[in-house]
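**Q** Got a structure for you, written out below as structure tokens; questions coming shortly.
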Amino acid sequence: MVENIHTVFFMKKKSFDFQKLPRSFYLQPTLRVAKKLLGKLFVRKCRKELLIGKIVEVEAYRFNDKASHSYRGKTKRNEVMFAEGGTLYVYFTYGMHFCANIVTEEKGNGCAVLLRGIEPLEGIETMKTNRNNYSEKKSLSQLTNGPAKICQSFSLGRKENGTDLLGDEIFVAENNEQQDSFLIASSPRIGIREGYGEKKQWRFFLKNNRFVSVK
DNA sequence: CGACCGATTGACT
DNA sequence: GTCAATCGGTCGG
Numbered sequence: 028m029v030e031n032i033h034t035v036f037f038m039k040k041k042s043f044d045f046q047k048l049p050r051s052f053y054l055q056p057t058l059r060v061a062k063k064l065l066g067k068l069f070v071r072k073c074r075k076e077l078l079i080g081k082i083v084e085v086e087a088y089r090f091n092d093k094a095s096h097s098y099r100g101k102t103k104r105n106e107v108m109f110a111e112g113g114t115l116y117v118y119f120t121y122g123m124h125f126c127a128n129i130v131t132e133e134k135g136n137g138c139a140v141l142l143r144g145i146e147p148l149e150g151i152e153t154m155k156t157n158r159n160n161y162s163e164k165k166s167l168s169q170l171t172n173g174p175a176k177i178c179q180s181f182s183l184g185r186k187e188n189g190t191d192l193l194g195d196e197i198f199v200a201e202n203n204e205q206q207d208s209f210l211i212a213s214s215p216r217i218g219i220r221e222g223y224g225e226k227k228q229w230r231f232f233l234k235n236n237r238f239v240s241v242k
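For the first sequence, the numbering used here begins at 28 and goes up steadily by one.
Shown next as structure tokens:
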């Protein structure tokens, strides 16, 4: 069975026809979802504007995974990570940054995929405005190559924690513009200490894409 | 309650 | 390469 959810937006005299990913996509095993999210479009409706980018780098976090927030069970901070697949989990860290995850698998599993790199496609000027400390001197690749940079440019914070990705505010869509095939590379996850599953190759990214955070 | 530190970033040597 | 910023969650006493 193929589910197609088309959402058409008319904004600023442009029309967008999105094939929004269905719930069933997010209910698959986390590592599979992580890899399949690469190349898809992350879409954020921000007032009268659309912010769109291609997902180029992700990391998987699961239950029984010492690096995962869900490892010690549900708390007020991480409760959204235990929601049904297809929910946005945004957390606050380092006293100043937010990171965005896409919850996977069935409700209660505590699995998610962290967004680490996005190639900006639409609404780039607004993303630059949303970013702290972004000057035109910087290369465009510095705009959204990192989990906290993505949250700044797409304006994701506490309000967006728990957003259902099957709504019209924030969602992921098929990328029908993706003509050429791409190579997926994997590596250990970034910033995971020794003894916390640092050897798991659960970071996935598009090879040779300049919006990947760590080369 | 205090100490420690994080799925980070940007500035600086 | 090093390091400060900045705060809430977690853990030990």
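Using N, Cα and C, we set each Cβ at its ideal position, and we do this for glycine too.
Computed from a prediction, not measured in an experiment: that's the story for all the values here.
Let me know if arginine 185 comes out buried or exposed under the rule of 16 or more other beta-carbons within 10 Å of its beta-carbon.
**A** Here residue 185 corresponds to residue number 158 of the first sequence, with the count starting at 1. Arginine 185 is exposed by the Cβ-count criterion.
**Q** Whole angstroms are fine: how far does the CA of alanine 200 sit from the CA of aspartate 191?
**A** Here residue 191 corresponds to residue number 164 of the first sequence, with the count starting at 1. Here residue 200 corresponds to residue number 173 of the first sequence, with the count starting at 1. Cα to Cα, the separation comes out at about 14 Å.
**Q** Can you give me the C-alpha to C-alpha distance between tyrosine 161 and lysine 176, rounded to a whole angstrom?
**A** Along the first sequence, read from residue 1 onward, the residue named residue 161 stands at position 134. Along the first sequence, read from residue 1 onward, the residue named residue 176 stands at position 149. Answer to the nearest angstrom: the Cα atoms are 10 Å apart.
**Q** Is it buried or exposed, lysine 40, if we count other Cβ atoms within 10 angstroms and call 16 or more buried?
**A** If you number the first sequence from 1, residue 40 lands on position 13. Lysine 40 should be labelled exposed.
**Q** Glutamate 132 and glycine 150 - do their beta-carbons sit closer together than 8 Å?
**A** Position 123 of the first sequence, counted from the first residue, corresponds to residue 150. Position 105 of the first sequence, counted from the first residue, corresponds to residue 132. For glycine 150 and glutamate 132, no; Cβs fall outside 8 Å.
**Q** Return the Cβ separation of phenylalanine 125 and leucine 65 in integer angstroms, given the expectation that the two are a contact with Cβ distance under 8 Å.
**A** As a first step, residue 125 is located in the first sequence; it is residue number 98 there, counting from the start. As a first step, residue 65 is located in the first sequence; it is residue number 38 there, counting from the start. In fact, because the Cβ distance is near 22 Å, the residues do not count as touching under 8 Å.
**Q** Taking the C-alpha atoms as reference points, what is the distance between lysine 155 and arginine 50?
**A** As a first step, residue 155 is located in the first sequence; it is residue number 128 there, counting from the start. As a first step, residue 50 is located in the first sequence; it is residue number 23 there, counting from the start. Each residue's Cα considered, the two are about 31 Å apart.
**Q** Helix, strand or coil for arginine 230 per DSSP?
**A** Translated into the one-based positions of the first sequence, residue 230 becomes position 203. If DSSP states are grouped into helix, strand and coil, arginine 230 belongs with the strands.
**Q** Taking the beta strand (DSSP E) that lysine 72 falls in, what are its first and last residues?
**A** In the first sequence, counting from the first residue as 1, residue 72 sits at position 45. First-last of the beta strand (DSSP E) with lysine 72: 68-73.
**Q** Taking the alpha-carbon positions, what's the valine 83 to proline 174 distance?
**A** On the first sequence, position 56 is the one that residue 83 refers to. On the first sequence, position 147 is the one that residue 174 refers to. Spanning the two alpha carbons is a distance of roughly 12 Å.
**Q** Name the two residues that bound the continuous alpha helix (DSSP H) containing lysine 243.
**A** The structure shown has nothing for residue 243, since the chain only spans 28 to 242.
**Q** Please classify methionine 108: is it buried, with 16 or more other beta-carbons within 10 angstroms of its beta-carbon, or exposed?
**A** As a working note, residue 108 is residue 81 in the first sequence. Buried.
**Q** Only counting the same chain, and skipping five residues up and downstream in sequence, which positions put a Cβ closer than 7 Å to that of aspartate 195?
**A** Translated into the one-based positions of the first sequence, residue 195 becomes position 168. Here the set comprises Thr34, Lys72.
**Q** Using only alpha-carbon positions, find the residue among Pro215, Thr120, Tyr223 that is nearest to valine 241.
**A** On the first sequence, position 214 is the one that residue 241 refers to. Nearest of Pro215, Thr120, Tyr223 to valine 241, Cα basis: Pro215.
**Q** Run through the DSSP bridge pairs and tell me what proline 147 is partnered with.
**A** Translated into positions along the first sequence, residue 147 becomes position 120. Per DSSP, Gly80.
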